[in-house]
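In our numbering, the protein residues as written are 407 to 598. Glycine included, C-beta positions come from ideal geometry on N, C-alpha and C.
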Amino acid sequence: MSLNTIEINRLMDRFDSHASVWLFGYGSLIFKADFPFIERRPASIQGWSRRFWQGSHDHRGTEHAPGRVVTLVPDEGATCHGMAYLVTPEEFAHLDHREKNGYLRLATEIAFEDGSAAEGIVYIATHENAAFLGPASERDIARQIATAQGPSGPNSEYLLALARALRELGKHDEHVHAIERHLAELIGQASP
Ligand code: BEZ
407 MSLNTIEINR LMDRFDSHAS VWLFGYGSLI FKADFPFIER RPASIQGWSR RFWQGSHDHR
467 GTEHAPGRVV TLVPDEGATC HGMAYLVTPE EFAHLDHREK NGYLRLATEI AFEDGSAAEG
527 IVYIATHENA AFLGPASERD IARQIATAQG PSGPNSEYLL ALARALRELG KHDEHVHAIE
587 RHLAELIGQA SP
């Protein structure tokens with residue numbers, strides 16, 4: 407699959423005629439909403455787990471020293487907690503550009519904390535994309551994150567902002583928080 411997913415995502419026109427669409431965020435979208443939205447609500451999707459398995463050559467690393475950012479991997483019975491944003495379909499052009507390094511739009515059911523649900527969109531980078539790095543131990547992931555940096559800033563800043571945002575949502579994610587603990591050890595700081 408090509409590294410640049412903008413053209414593929416543009417073909418996903420299923421919600422183009424809708425006045426508004428729910429977008430589920432599980433990574434940087436939780437702590438960095440750099441787009442206008444109508445409403446935002448804590449939410450979850452089923453059957454996926456968040457993993458630092460996607461390489462970042464354009465935001466939190468470089469071509470020769472990629473960082474690691476999150477994607478979702480299929481995981482039967484798992485619940486992934488995050489933040490849902492109600493946006494107009496025009497916002498997807500901006501998001502397609504921001505997340506062009508392997509992320510594809512996927513339609514999904516999004517559950518809200520009041521028990522209601524809606525169909526919406528989530529961006530997922532699958533193992534088929536060229537920037538996918540795949541599994542590694544949480545300590546090795548922390549080591550890679552400790553040194554990587556790119557145009558959007560240090561990779562560690564991304565990890566720490568995500569870990570903090572999940573705590574603020576009241577959602578523990580053992581993978582994310584274990585990597586945060588390893589990073590704290592590596593840089594000689596106390597874990598939050
Ligand atoms: C997110 O935070 O949901 C997200 C992560 C990667 C790409 C696009 C969105």
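- Checking the 8 Å criterion, the Cβ of Ile547 is out of range of every heavy atom belonging to the ligand BEZ.
- Straight-line spacing of the CA atoms in Asp481 and Met489 works out to 19 Å.
- Pairing Phe498 with Glu591, the inter-Cα distance amounts to about 38 Å.
- Under the DSSP definition of a beta bridge, Leu429 partners with Tyr491 and Ile527.
- Annotation note: the segment 495–557 contains the following uninterrupted alpha helix (DSSP H) runs of length 4 or greater, listed N- to C-terminal: 497–504 and 544–553.
- One thing to note: Leu539 has its Cβ no nearer than 9 Å to the Cβ of Val493.
- A heavy atom of the ligand BEZ is found nearer than 8 Å to the CB of Ala531.
- With 16 or more other Cβ atoms from the protein chains shown falling within 10 Å of its own Cβ, Ala548 counts as buried.
- With fewer than 16 neighbouring CB atoms inside 10 Å of its own CB, Gln595 falls in the exposed class.
- In the three-state DSSP reduction, Arg456 falls in the strand class (E or B).
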